[in-house]
Amino acid sequence: MSAVEAPTRPGGDRDGGLRSALRAEWVKFRTVRGWLIGLGVAGLLCVLLTYLVANGIHSGTCTGTGVTCRSGHPRVPTGPGGEAVADSYRYLSRPLTGDGSLTAQLASFTGRVSTNPVNVAPSPSATRPGLADWAKAGILLTPDTTPGSSYAAVLATGRHGIRFQYDYTHDRPGRGAPAASRWLRLTRHAGTITGYESADGVAWHEVGVAHLAGLPDTVRVGLFVTSPVSFHGQTGRPTQATAGFRHLTVTGATGGGWRSRAVGTSRADFYPILAAGGARSTGDTAVLTGSGDIAPAVVQGVLGTNTAASSLLLGLLVGSVVLIVLAALFVTGEYRRGLIRTTLTATPKRGRVLAAKAIVIGGVGFAIGALAAAVAMPVGDHILTGNGVYVFPAGPGTVSRVVVGCGLVTALVAVAVLALGVMLRRSAGAVTAGVVVFVLPYLIGASLPGTAETWLFRVTPAAAFSVLGVLPRSSLVDYPYTFANGYYPLPPWAGLLVLAGYVAVALGAARLTLQRRDA
Amino acid sequence: MSAALLAEWTKLRTLASTAWLLLGTAVATIGVGVAVVAGTHQSAGSGVVDTTALALTGIDLGQAVVVVLAVLAVAEEYGTGMVRTTFAAMPRRIIVLAAKATTVAALTAVAGAVAVAGSLLAGRAALPAGSGSVLGAITHGPALRAATGSVVYLVLVALLALGIATAVRDTAVSIGVVLAVLYLPTLLAQAVSDPLRRHVEQLAPMTAGLGIRATTNLSALPISPWEGIGVVAAWAAGALVLAGLLLRHRDP
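Line order of the protein sequences matches chains A and B.
Residue 715 in the numbering used here sits at position 508 of the first sequence, with consecutive numbering throughout.
Residue 119 in the numbering used here sits at position 109 of the second sequence, with consecutive numbering throughout.
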């Protein structure tokens, strides 16, 4: 096919054609002073609005009983991977030097659920029986009991069977047999921790293995019980679990006796608990009562949903509005002044003109969006932290994802409006459609019934705003991961793909109309 | 003035886009209102739902079409150069602005009345049976205030857009600016906490003005309904005064 076309359209000329079309479009863009000023204003507004939003958010966190409110946020531990974690539990432990193991049979596992929501002070009388799905009881090994420490545990759960978990985010399911009356065993071999389960204490099945880096020679090993906030609908209620263990067997060098400790349950700790609980042990049996969770921290009902990225939303919208106007003008201005005829005479291949225009406006959009986000993210983070608001830790990977994502959103929006402008040849429709499509889901979404709001952020171009979603979510934590709680229904890349799909359709239609129509 | 009015009326009447935009205002407003009302039985969790306000949710979208209509009435003249002919024929530019404002306001009032009445009637039809909420008759005091006030709001938004378009003189930029002035403070108010939220809601045209839709629980509004309309009127007046001053002191 290329051999047929070669005489009339040699490859070199084709490349040169696009290059000169690109240069022409770039010159057209850069020589309009108003547009450059507009771009600068867009970037400034984006940063300014992020500052304003972040500054308008103050923390009035209520900790402990819910009656004492103070500025600043409660303590949130940081896990070994730098992520925010919950680390609150009842621990009955003893030191273990060198290799060794702990075996126990889980004899009973029951729980209580507060009838008060998390923001009301829990009271032991206002409870009903019930075991949280992710209530945990089992054997845990940790170098020290400071919240956020590294650990490995083999455990029974309320509804998720036997699991082997370590360092908060790692999880391996067991055989899924009923949790009650299971035997559990945790062994240590240097830095290797292995969890086993057994139905009878004779035939053991390996559940998981963890290699904990930098494990000291002496660690603590023991029984633990914890029970997380349970969600039914939007309301979270603190819970408590009680587990009875028997046939406790310790091997290895264990000095000292059993010591009971409530880890991470002081007033300063963020995780809502029903009560600190306690532990009793006689001979080779023990009963522990605990409340809390050992898992990634996602309870925004307590911590708030503010992130530097979420305070960027308004700035991103402003940047998009300016880009929408510029992109519309970039093509409709040519129709208005008749310049389009000159353009199409100079570059008769109309697809090439469209491509050059899309590349120029898309590149400009990406640059301004990414630049503004790169400046606004640290600003928002700084202001929020200064206001005493808890901000979920965002690593360089997350920050760069948001920055690149914002650039891509503004770039795609600009290209879509450019395509609309080519089709309509008038700016009014292109600008209005561009603005309304992005703003309206935020305005009327909340008053739409049921899941309609979620669908708006799944199927409309506004899905692309999921690049701003940085709140942690974990399959190990029951939480309503809904839009109202700050969770976008799509992952960032999928949201961008939705917008990119619209852009592709718009570009295709624009190419067709441009080709078939007189300028 | 009557000659100016006639001229502006002829210009607007003979544009194909005008009729489409007026129709679009009504369709957009009613469509969104019906969609929202039809689903109230799911979202009505607790308390009394202000169904009148819900039925008028479509104004959020309808006002964007009104903005386009008002901006096009001015900015397109600058785009085509028609404005020079207009000012050559009518050297008193303030009269031209007044005539344009009157024509656009009248057309918006008609389209707005159709949109609001249609929303309330369609909302009543779409209200799911047994949802426990009723849509009050339009003659009933608060509902009447919501209905008339919403039409007034749309007219004031049109005047605001007209003023900004006269000052900016470009269609795309004007629409961008007006929609940003309307929508962005609303989103800003959603994002921040008190007291900044309350200040923004009291000062921004859309959050202050659309309180007029409420028929119950007025104390929860950032500003009382008619005071809110006053805020929008101040915005519109400010834009028109700015437009008038610029018209006098600037070459078209």
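Virtual Cβ for every residue (Gly too), placed ideally from N, Cα, C.
Given the structure is predicted, the values throughout are model-derived calculations rather than measurements.
Chain B contact for S357(A) (CB, 9 Å cutoff): no
Nearest-angstrom Cα separation, counted from G247(A) out to H259(B): 28 Å
Nearest residue (CA-CA) to A116(B), options R23(B), E237(B), N227(B) and V210(B): R23(B)
CB contact check: A201(B) to chain A, cutoff 9 Å: yes
Cβ distance (whole Å) where I239(B) is taken to contact G159(B) below 8 Å: 6 Å
Test: R134(B) CB closer than 9 Å to a CB of chain A: no
Short CB-CB distance (under 9 Å) between D180(B) and chain A: yes
Beta-carbon neighbours of Y649(A), restricted to chain B and to distances below 9 Å: Y193, T196, L197 and Q200
G398(A) (DSSP reduced to helix, strand or coil): coil
Under 9 Å between C-beta atoms of V84(B) and R179(B): yes
Cross-chain neighbours of I264(A) in chain B, by beta carbon under 8 Å: A201, V202 and S203
DSSP three-state assignment for L231(B), whether helix, strand or coil: coil
G451(A) - partner residues in DSSP beta bridges: S315(A) and V494(A)
Assigned secondary structure, I590(A) (DSSP; H/G/I helix, E/B strand, else coil): helix
Exposure label - S332(A); buried when at least 16 CB within 10 Å: exposed
Whole-angstrom C-beta distance between Y694(A) and G497(A), which should lie under 8 Å: About 28 Å separates the two Cβ atoms, so there is no contact after all.
Three-state secondary structure assigned by DSSP to W341(A): coil
Within 8 Å of chain A by C-beta, residues of the stretch 103-135 of chain B in sequence order: none
Outcome for N513(A) when other beta-carbon atoms lying within 10 angstroms are tallied against a minimum of 16: buried
Limits of the unbroken beta strand (DSSP E) element including W411(A): W411 to H418
Neighbour list for R543(A) in chain B, Cβ cutoff strictly below 7 Å: G89
Three CB pairs or more closer than 8 Å across the stretch 208-223 of chain B and the stretch 663-680 of chain A: no
Neighbour list for V76(B) in chain A, Cβ cutoff strictly below 7 Å: What V76(B) touches in chain A: nothing, since even the nearest Cβ is about 11 Å away.
Euclidean distance between Cα positions of L206(B) and T285(A): 32 Å
CB contact check: T352(A) to chain B, cutoff 9 Å: no
C-beta neighbour in chain B for L259(A), strict 9 Å: yes
Cβ separation of L521(A) and L198(B), assumed to be a contact under 8 Å, to the nearest whole Å: 6 Å
Rounded separation between G471(A) and V506(A) - CA only: 15 Å
Contacting residues, own chain, Cβ-Cβ under 6 Å from G122(B) (five flanking each side not counted): V161 and L164
9 Å Cβ cutoff met for T458(A) and V432(A): no
Contacting residues, own chain, Cβ-Cβ under 6 Å from T196(B) (five flanking each side not counted): M216 and T217
9 Å Cβ cutoff, S227(A) in contact with chain B: no
8 Å CB neighbourhood of D407(A) in its chain, flanking five on each side removed: W390
Three-state secondary structure (DSSP) of S300(A): strand
Bridge partner(s) assigned by DSSP for V361(A): I346(A) and F371(A)
Exposure label - R226(A); buried when at least 16 CB within 10 Å: exposed
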